[in-house]
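Engineer: Quick one: the structure is below, questions incoming.
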């Protein structure tokens with residue numbers, strides 16, 4: 001008899017979160033129109049929510065016989081999960097994206113986008129100022145031209 005492979009760090013917790021998300025999708029789909037008609041606005045999202053719930057329950061039941069990851073307890077598993085899924089560059093760019101979203105209302109779209117692109121380019125190019133500035137100016141100009149000239153949208 002073959003032994004199932006051990007779970008990866010955080011796998012079971014992630015699947016539980018996906019199950020909760022699936023229940024939330026199903027609930028929101030029900031709120032759209034309930035169970036009125038098979039062709040109502042909420043019928044397809046209800047079906048997808050139900051499929052997601054059944055799938056996640058099936059996955060979780062299938063994982064119940066898998067051994068826990070060899071990480072040295074819950075704290076070790078947490079450390080292994082963070083190291084695997086949240087390396088420093090991912091965390092830094094996530095914080096940069098949050099900073100961009102917070103800067104949008106204060107600086108406006110063009111200035112916040114230019115600042116975000118400049119900082120991102122400096123991080124990616126490891127301090128090569130000239131190429132970072134050139135790429136930032138070029139991309140910001142293209143974005144501005146696309147939205148104002150082609151799409152005729154006012155950018156705040």
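In the UniProt record's numbering, the protein residues as written are 1 to 156. Idealized CB from N, CA, C, for every residue including glycine. Since the structure is predicted, the reported quantities are computational estimates derived from the model, not experimental observations.
State whether the stretch 1–14 contacts the stretch 60–78, with contact taken as three or more CB pairs (one from each stretch) at a distance under 8 Å.
Structural biologist: Result yes; three or more Cβ-Cβ pairs closer than 8 Å.
Engineer: Any idea if residue 86 is buried or exposed, counting beta-carbon neighbours within 10 angstroms, 16 or more meaning buried?
Structural biologist: That one is exposed.
Engineer: For residue 158 and residue 16, I'd like the C-alpha separation in whole angstroms.
Structural biologist: Residue 158 falls outside the range modelled here, since the chain spans only 1 to 156, and no answer is possible.
Engineer: In chain order, which continuous runs of the alpha helix (DSSP H) of length 4 or greater are located wholly inside the UniProt domain "DUF1468" (14–156)?
Structural biologist: Runs found: 43–62, 73–85, 88–107, 109–124, 129–145.
Engineer: Is it a yes or a no for the stretch 43–58 touching the stretch 10–29, going by three-plus beta-carbon pairs under 8 Å?
Structural biologist: They touch, by the three-pair rule.
Engineer: Give me, in chain order, the residues of the same chain whose beta-carbon lies closer than 7 Å to that of residue 110; leave out the 5 immediate sequence neighbours on both sides.
Structural biologist: The answer, listed in chain order, is 140, 144, 155.
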